[in-house]
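**Q** The sequence shown lines up with residues 22 to 520 when you count with this note's numbering.
One structure, as structure tokens, below. Some questions next.
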Amino acid sequence: MLSTRTSGILLHPTSLPGKYGSGDFGSGASQFIDWLASAGQTCWQVLPLGEIGPGNSPYMSDSAYAGNVLLIDLEKLADRGWLEMHELVPHAGFEADRVRYDYVKSYRMQRLRLAAERFFTHPSDEGHAAYSEFCQREKTWLDAYAMFKAIGRQQHAWESWPADLRACNVAALDKAAKKLADEIGFWKFCQWCFAWQWDELKRYANGMGVRIIGDIPIFLAYHSADVWAHQELFELDEIGRPLRVAGVPPDYFSETGQLWGNPLYRWEVHAQTGYAWWLGRVQHALKQFDLVRIDHFRGFANYWAIPAAALTAKEGEWQPGPGDALFEVFKQAIGNLPIIAEDLGLITPDVIELRDKFELPGMRILQFAFGEDERNYFLPHHYVANSVAYTGTHDNNTCIGWWRTAKEHEKEFAKRYLGCDGGEINWTMMYVLSASAANTVIFPMQDVLGLDGRHRMNYPGTAEGNWEWRFSWEQLAEWQTARLAAMTVEHKRNPGTRN
């Protein structure tokens, strides 16, 4: 349950300024934390920090545990002596306002491999003790992940691997471990670098009074270390192919629904293990973050199961999720659950009942509020304290972009309700949200900067051009910082400034 009024910013680390083609855990991140504190903000919400998947999406990672190695600060590796500064000349194709993943991946991976080579050729380096301790502490997921990455570099998609490797045969894996020892070590090194850099950054944020809100997808990509290593936990056939996959049914926005393609869980097998895998996943996330948003929360109540051979999501059917049983396990192990339920979309009474039974805050999106009338659930006069309110999320347009594309009846309703003419729609929406009863409000950075729809993070349903947006410090003026800070004080959302 959220019991303190707070305010924060939604910004993924890749969107931070930086010299090496993408935001990372370097000086741009600590400078952003400094800015958050100066603007009176006490929350920083990020997207999933896992490795990116198809279309560069952070919601299609190949591991439930591993971090995105592209976020590693290369200059910190140079500080350790594993890179030379002359090797960090930025690529000519890097752009300040978007991530060119084609250049960024090649540039950063080459330097990570060089740093790992130097690290392993100097075993007396003081970092080796910390590296060994990390490998031992995280071995329950790290060993399988590193093996998966090492084999995958040679064999590609795991469903096409030789049968003994595909089936995780112990003898075959032992043989592969010897053959691929250097490659396995490389991926473990990268995860260690990710972990210590993120840990340092989180400690800095917490020391500045800023809590980190993380994000974990409910489903995993089929081509992932967890699905390969724990095939018994997923709906797969005898050779590892999905039987049914995830998605959502047809609705107002799509006549055929959405076919996501993620393998579904065998919830009855999870129950037999006391939901050990899921508990481990959430506990790992809560080491990285102060609060965790779980994407597609409704799937825990019931989920849309689609035959793997189906061409659209229309052929699916509703199936019961784990419900109370899973969250009782979480509560017994963790206590009060610092979890935000992403309860958007088609929400039925059983989803609300599950959310409220465990006192989990749900989400309210102001951009969704003006399509009907005063009864709309997303209008601020309906908000409750135990909720997280947003002007929009990573899947929405910016406020200005939304306003420019909204239907005329939505604009007229918004003008009446918000008491404005639309001239500063981003600040008006932020102010009304801040004044609401919701104990936590989150503003996308684009709305603070007053950017239009060209700067949104994601266009759902499209495969290209997403997750690329970046901002620069030149876009941020002192008046924006001061206005945000004043609004936060006025609505008593910064615990450190209350009378």
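Ideal Cβ placement from N, Cα and C applies to all residues, glycine included.
Since this is a predicted model, take the numbers as computed values, not measurements.
1) Just to confirm, are residue 255 and residue 285 a CB contact at a threshold of 8 Å?
2) Jot down the residue ranges of each uninterrupted alpha helix (DSSP H) in the region 189–256, minimum 4 residues, whole runs only, in chain order.
3) Whose C-alpha, out of 46, 413 and 507, is nearest the C-alpha of residue 226?
4) Spatial neighbours of residue 265 within its chain, please: C-beta separation below 7 Å, excluding the five flanking residues on both sides.
5) Return helix, strand or coil for residue 312, following the three-state DSSP convention.
6) Which runs of the alpha helix (DSSP H), 4 residues or longer, sit entirely within the region 280–307?
7) Can you tell me whether DSSP reads residue 435 as helix, strand or coil?
8) Got a sec? Which residues, its chain only, sit under 7 Å from residue 422 by beta carbon, not counting five neighbours each side?
9) When you compare only the Cα positions, how much space is there between residue 520 and residue 233?
10) For residue 455 and chain B, any beta-carbon pair shorter than 8 Å?
11) Go ahead and label residue 417 buried or exposed: buried means 16 or more other beta carbons lie within 10 angstroms of its beta carbon, across all protein chains shown.
12) What would DSSP say about residue 484, mapped onto helix, strand or coil?
13) Does the contact criterion of 3 or more C-beta pairs under 8 Å hold for the region 83–90 versus the region 435–452?
14) With a Cβ-Cβ cutoff of 8 Å, do residue 36 and residue 348 count as a contact?
15) By Cβ distance, which residues of its chain are closer than 7 Å to residue 68, with the 5 residues on each side in sequence left out?
16) Relative to the alpha-carbon of residue 317, which residue among 308, 276 and 365 has its alpha-carbon at the smallest distance?
17) On the DSSP letters alone, give me the boundaries of the beta strand (DSSP E) that residue 339 sits inside.
18) Quick check: what's the CA-CA separation for residue 54 versus residue 469?
19) Checking the sheet assignment: what are the DSSP bridge partners for residue 362?
20) Excluding the 5 residues preceding and the 5 following residue 305 in the sequence, name in chain order all residues of the same chain whose CB lies nearer than 7 Å to its CB.
21) Could you please give the first and the last residue of the uninterrupted alpha helix (DSSP H) stretch that includes residue 446?
22) Compute the Euclidean distance between the alpha carbons of residue 454 and residue 60, then round it to the nearest angstrom.
23) Just verifying my parser: in three-state terms, what is the DSSP assignment at residue 479?
24) Thinking C-alpha only, which one of 267, 334, 291 and 253 is nearest residue 539?
25) Taking the Cβ atom as the reference point for each residue, do residue 409 and residue 384 lie within a distance shorter than 8 Å?
26) Taking 8 Å as the threshold, find out whether the region 181–188 comes into contact with the region 132–151 through three or more Cβ pairs.
27) Residue 469 by DSSP, collapsed to three states: which one?
28) Going straight from the alpha carbon of residue 501 to that of residue 116, what length do you get?
29) Cα separation between residue 378 and residue 511?
30) Applying the criterion that 16 or more other CB atoms from any shown protein chain within 10 Å of the CB defines a buried residue, is residue 357 buried or exposed?
31) Residue 128: buried (16+ other C-beta within 10 angstroms of its C-beta) or exposed?
**A** The answer reads as follows:
1) A contact, by the Cβ cut-off of 8 Å.
2) Annotation: the region 189–256 contains the following complete segments of the alpha helix (DSSP H) (minimum length 4 residues), in chain order: 191–200, 202–228 and 246–250.
3) Among 46, 413 and 507, the Cα nearest to that of residue 226 belongs to 46.
4) Within the same chain, residue 265 has close Cβ partners 256, 285, 326, 327, 328 and 329.
5) In the three-state scheme derived from DSSP, where H, G and I count as helix and E and B as strand, residue 312 is classed as strand.
6) The qualifying runs are 288–293.
7) In the structure shown, residue 435 sits in a helix (DSSP, three-state: H, G or I).
8) Contacts found: 473, 474 and 477.
9) The predicted position of residue 520 is uncertain, since its pLDDT is 43 and thus under 50; a value taken from the coordinates is nonetheless stated next. One C-alpha to the other measures close to 25 Å.
10) The displayed structure is made up of one protein chain only, and chain B is not part of it.
11) Burial state of residue 417 is buried, judged by a 10 Å Cβ sphere holding 16 or more other Cβ atoms.
12) When secondary structure is reduced to three states using DSSP, residue 484 falls in the coil class, being assigned neither helix nor strand.
13) No: the two stretches stay apart, fewer than three of their Cβ pairs being nearer than 8 Å.
14) Remark: C-beta atoms of residue 36 and residue 348 do not approach each other more closely than 8 Å.
15) So the list reads 33, 79, 236 and 415, once near-sequence residues are dropped.
16) When each option's Cα is compared against that of residue 317, the closest is 365.
17) 338–341 is the extent of the beta strand (DSSP E) around residue 339.
18) Cα to Cα, residue 54 sits roughly 15 Å from residue 469.
19) In the DSSP output, where bridge partners are listed per residue, residue 362 has 315.
20) If the five residues before and after residue 305 are omitted, its C-beta is found closer than 7 Å to the C-beta atoms of 86, all from its own chain and listed in chain order.
21) Unbroken alpha helix (DSSP H) run through residue 446: 446–455.
22) The alpha-carbon atoms of residue 454 and residue 60 are separated by roughly 17 Å.
23) Coil at residue 479, not helix or strand.
24) Nothing in the structure corresponds to residue 539, since the chain is present only between 22 and 520.
25) For residue 409 and residue 384, yes; Cβs fall inside 8 Å.
26) Touching, no, given that fewer than three Cβ pairs across the two stretches are closer than 8 Å.
27) Assignment of residue 469 by DSSP, reduced to helix, strand and coil, places it in the helix class.
28) Near 24 Å, if we compare the C-alpha coordinates of residue 116 and residue 501.
29) Between residue 378 and residue 511, the C-alpha separation is close to 32 Å.
30) Exposed, by the Cβ-count rule.
31) It is buried - the Cβ of residue 128 has at least 16 other Cβ atoms within 10 Å.
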